[in-house]
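Every letter in the sequence shown is one number past the one before it in our numbering, and letter 111, counting from 1, is 147.
Ideal Cβ positions, reconstructed from N, Cα and C, are used throughout, including at glycine.
One structure is given below, encoded as structure tokens.
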Amino acid sequence: MQLKYYLLPLLSFASPLTATPVATPEKATLESRSAAGCFEITQFRNSGSPHSISATVSFDLVDRSKNLAASCRAILSIQPSIVTTEFPTYCNDTSVAFGFQYKPPFPGYWLSIAHIYNNNNTVDTGSIWAGRDIRRYDNPSGNPNGDFDYLNYPADFKVAYNRHVQQLPISTLAAAAPNPTS
37 MQLKYYLLPL LSFASPLTAT PVATPEKATL ESRSAAGCFE ITQFRNSGSP
87 HSISATVSFD LVDRSKNLAA SCRAILSIQP SIVTTEFPTY CNDTSVAFGF
137 QYKPPFPGYW LSIAHIYNNN NTVDTGSIWA GRDIRRYDNP SGNPNGDFDY
187 LNYPADFKVA YNRHVQQLPI STLAAAAPNP TS
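Below, the structure written as structure tokens:
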């Protein structure tokens with residue numbers, strides 16, 4: 037056995053706060069866990085509307101690496117006036133879907149986004165916690181019908197995503213290929 041098999045485990049015990057795993061050349065298959073890219077979100081809002089029982093969650097989405105732009109929206113007639121919508125709710129570009137849900141185990145609202153492309157073989161997915169800070173807009177005219185609730189969250193932000201690629205086995209690809217004609 038080589039010295040590094042004994043030395044590296046001993047060094048990692050010395051300071052667990054600074055220990056860095058090192059792969060041996062035979063097992064060097066570590067993959068990066070960093071995000072593949074990000075969705076840029078602008079004009080995000082989730083609120084009621086004055087003089088209405090309807091509420092809207094809406095935002096514009098851009099992914100510059102894919103030249104993708106979409107507008108996403110869900111409108112509901114509800115009380116209270118924070119909209120939740122199940123995933124997948126499709127945007128104006130149907131290759132993009134989102135969900136906006138309240139999750140009690142992690143109290144707050146979660147925005148999930150997916151972009152599917154490349155003949156449905158590639159999906160970019162990301163999610164972000166939008167918090168739980170609900171505020172009330174009080175109409176300055178004093179008319180209570182003009183009051184509404186809103187989720188206090190920035191209008192512009194980024195959602196990092198990971199890329200998932202469906203790799204079909206060669207046998208599946210061969211079975212799907214058309215038979216040559218004579």
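Pairing K139 with T161, the inter-Cα distance amounts to about 18 Å. F134 is bridged by DSSP to T125 and I149. The secondary-structure analysis by DSSP pairs I77 across a beta bridge with L97 and F193. With contacts defined as CB atoms closer than 8 Å, V159 and F75 fail to qualify as a contacting pair. The beta carbon of Q79 lies closer than 8 Å to those of S94, F95, D96, A191 and D192 in the same chain, with the five residues before and after it left out. Shown here for I89: same chain residues with a beta carbon closer than 6 Å to its own, the five before and five after excluded, namely S113 in chain order. Exclusion of the five residues before and after G182 leaves P86, H87 and N175 as the residues of its chain whose Cβ lies within less than 7 Å of its Cβ. Here N188 carries a coil assignment [DSSP, helix/strand/coil]. About 12 Å separates the Cβ atoms of A166 and Y186, ruling out a contact at the 8 Å cut-off. Closest in alpha carbon position to D129, among S117, N157, D99 and V119, is D99. Cβ contact annotation for R109 (same chain, cutoff 6 Å, sequence separation greater than five): S94, in chain order. CA-to-CA, the gap between I77 and S101 works out to about 14 Å. DSSP, read as helix, strand or coil, puts G182 in helix.
Between F134 and S117, the CB-CB gap reaches or exceeds 8 Å. Out of R81, D169, G178 and T120, the CA that lies nearest to the CA of S107 is found in R81.
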